[in-house]
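Visitor: Note that UniProt numbering has the sequence shown beginning at 1, numbered continuously upward. Please read through the structure below; I'll follow up with questions.
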Amino acid sequence: MAGTAKSWSGCGRIGNCSYSVYTECISNVYLNSSIPMELLVKINKKLEQRRAILNTIIQNVGIQNKILKSAQILAECLKLGGKIITAGNGGSASQSEHFSSEMMGRLKNSRTPFPSLSLSSNASLLTCIGNDFGFERIFSRQIEGIGTTKDVFLAFTTSCKSRNIIEALNVCKNSNIKSIVFTGQCVHDIDLLAEEIIMIPSNDVQIIQECHDIISHIVCELVEEIVDLKTVNEWEQIKNEFKNGYKFLILDRDGVVNITKPNGYISSFSEFVFTDGFKSNIKLLSECFDRIFITTNQAGIGKGIMTENELLTLHECMLSEIKKLGGSIDKVYYSKGIDDTDKTRKPNTGMAENIKRDFPDIDFSKTIVVGDSFADRLFANRINAKFILVQ
């Protein structure tokens with residue numbers, strides 16, 4: 001029967017009802033609708049299946065302990081200078097790549113990359129090994145080539161029956177490489193090989209993989225919280241250079257002072273977020289250096305994406321917040337140019353010339369330029385200043 005579906009709000013019980021009551025509610029709400037009720041009931045049933053598994057995991061302290069231990073093993077690996085090696089087949093291969101991407105990129109925290117690679121990604125290598133040595137060796141042979149005792153192998157498998165995963169775990173065991181397995185509810189012998197096994201209490205492949213995604217994100221977040229890999233602390237280097245006689249500081253903005261907006265321009269202070277390094281160090285740097293400047297290329301103005309007034313307003317807010325942090329910036333310089341024909345656009349030296357005009361006491365040979373790009377390095381080189389890369 002054709003008709004217009006009533007609003008879900010017509011039944012106050014939906015969302016907090018049993019399966020039988022739910023079907024009754026759906027029947028009443030969609031009685032005069034062209035939407036097939038059985039499909040809606042099926043959707044609800046599928047969602048309930050997933051909720052049931054998640055509830056089981058939530059109530060299972062043993063699984064949660066394994067999640068925590070896995071994160072601790074991965075964090076310790078990274079602290080010791082190791083890398084995280086992942087692998088899987090089919091959909092699990094995608095999860096393997098996803099996990100390594102989160103490690104090398106980031107999940108939540110702005111941080112240095114965590115060394116990680118997926119053995120499932122290189123088609124040429126996989127087919128080479130598969131053709132010459134057998135498909136069951138596509139992961140184990142790679143581990144033989146690149147694995148070290150500092151590394152951890154993380155395997156994704158819904159069944160525990162994938163021969164190539166088992167052989168990879170076997171090589172890890174023989175090479176004293178720790179391993180973790182994300183799997184499903186299955187009969188297996190991999191507990192002889194792996195340090196930790198996170199087993200989803202389900203035989204449904206789709207649900208297992210979905211739970212693997214959730215737990216992967218939890219593990220990534222835990223690792224980010226546990227690990228502080230900023231062993232090469234560029235901000236400490238800046239402070240140390242002050243002791244070596246450097247008196248002036250020129251900071252690039254995007255990527256140094258604030259977190260960069262990927263493939264875009266920050267046009268309002270609501271989008272502006274200070275980097276952790278800047279927030280933590282600007283007070284002490286302001287006490288150390290005679291003068292601090294910010295220089296920034298803002299081609300968004302030249303491209304018509306933002307206005308100069310918007311940039312000036314943003315910088316007023318930025319300077320106000322820096323003052324609250326206990327910091328002091330002598331002046332902010334910016335370029336509106338869209339290419340290197342603009343003399344003020346870095347790596348051209350126009351902004352440095354303007355600094356010298358406004359502050360004749362500056363000596364670029366006693367100046368540190370802090371930037372996050374090659375353009376900043378060239379800029380520093382052209383004015384005979386020291387360059388420090390912050391990423």
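The beta carbon of each residue, even a glycine, is placed where N, CA and C say it ideally should be.
Is it true that the CB of L78 sits closer than 8 angstroms to the CB of V227?
Guide: In this structure, L78 lies closer than 8 angstroms to V227 by Cβ.
Visitor: To test your reading of the DSSP string, which unbroken alpha helix (DSSP H) runs of 4 or more residues are found completely within the segment 82 to 144?
Guide: Counting only runs of 4 or more, we get 91 to 104, 123 to 133.
Visitor: Using a Cβ distance threshold of 8 angstroms, determine whether the segment 74 to 90 contacts the segment 237 to 250, with at least three qualifying pairs required.
Guide: Segments in contact, no.
Visitor: In whole angstroms, give me the CA-to-CA distance for D191 and I180.
Guide: Cα-Cα distance, rounded: 10 angstroms.
Visitor: Round the Cβ separation of S162 and N89 to the nearest angstrom and send it over; I've been treating them as touching at under 8 angstroms.
Guide: Right, their Cβ atoms sit about 5 angstroms apart.
Visitor: Just checking my contact of I292 with S328 at CB under 8 angstroms: how many whole Å lie between their CB atoms?
Guide: I292 to S328, Cβ: 7 angstroms. Contact.
Visitor: What span of residues does the beta strand (DSSP E) with G371 cover, start to end?
Guide: Segment 367 to 371, the beta strand (DSSP E) holding G371.
Visitor: What does the Cβ neighbour count give for N258, buried or exposed, with the cut at 16 atoms within 10 Å?
Guide: Result: buried.
Visitor: Does the beta-carbon of N164 have 16 or more other beta-carbons within 10 angstroms, so that it is buried, or is it exposed?
Guide: So N164 ends up on the buried side.
Visitor: Any idea what DSSP makes of K303, helix, strand or coil?
Guide: In the structure shown, K303 sits in coil (DSSP, three-state: anything other than H, G, I, E or B).
Visitor: If we ignore side chains and look at the alpha-carbon of each, how far apart do Y334 and G326 end up?
Guide: Computed Cα separation, rounded: 23 angstroms.
Visitor: If I'm right that F387 touches R377 with Cβ under 8 angstroms, what's the distance once you round it to whole angstroms?
Guide: Confirmed, about 5 angstroms.
Visitor: Comparing alpha-carbon positions, which option in S116, K69, S96 lies nearest K83?
Guide: Per the Cα distances, S116.
Visitor: So what's F289 in DSSP terms, helix, strand or just coil?
Guide: Note: F289 maps to coil in three-state DSSP.
Visitor: Over what stretch of residues does the alpha helix (DSSP H) that includes D213 continue unbroken?
Guide: Here the alpha helix (DSSP H) through D213 covers 205 to 226.
Visitor: From which residue to which residue does the beta strand (DSSP E) around V332 run?
Guide: 331 to 335 is the extent of the beta strand (DSSP E) around V332.
Visitor: Would you kindly work out how many angstroms separate the C-alpha atoms of V232 and D276, rounded to a whole number?
Guide: Note that V232 has pLDDT 44, beneath the 50 cutoff, so the model's placement of it is unreliable and the number below is only indicative. About 15 angstroms.
Visitor: Assign C128 to one of two classes, buried (16 or more other C-beta atoms within 10 Å of its C-beta) or exposed (fewer than that).
Guide: That one is exposed.
Visitor: Measuring CB to CB, does R367 end up less than 8 angstroms from I294?
Guide: Sequence check: residue 367 is Thr here, not Arg. Result no, Cβ atoms of T367 and I294 do not sit closer than 8 angstroms.
Visitor: Name the DSSP beta bridge partners of A155, please?
Guide: Answer is A87, V181.
Visitor: What are the start and end residues of the beta strand (DSSP E) that includes L251?
Guide: Where L251 is concerned, the enclosing beta strand (DSSP E) stretches over 248 to 252.
Visitor: For the beta strand (DSSP E) that L389 lies in, which residues bound it at each end?
Guide: Residues 386 to 389.
Visitor: Can you tell me where the alpha helix (DSSP H) holding I43 begins and where it ends?
Guide: Element bounds for I43: 37 to 59.
Visitor: In angstroms with no decimal places, state the Cα-to-Cα distance between S280 and K69.
Guide: Rounded to the nearest angstrom, the two C-alpha atoms are 31 angstroms apart.
Visitor: What first and last residue would you give for the alpha helix (DSSP H) that runs through I238?
Guide: 234 to 243 is the span of the alpha helix (DSSP H), which, as asked, contains I238.
Visitor: Just how far apart, CA to CA, sit K108 and K303?
Guide: If you take the alpha carbons of K108 and K303, they lie about 31 angstroms apart.
Visitor: How many angstroms separate the CA atom of I138 from the CA atom of S94?
Guide: Approximately 16 angstroms between the Cα atoms of the pair.
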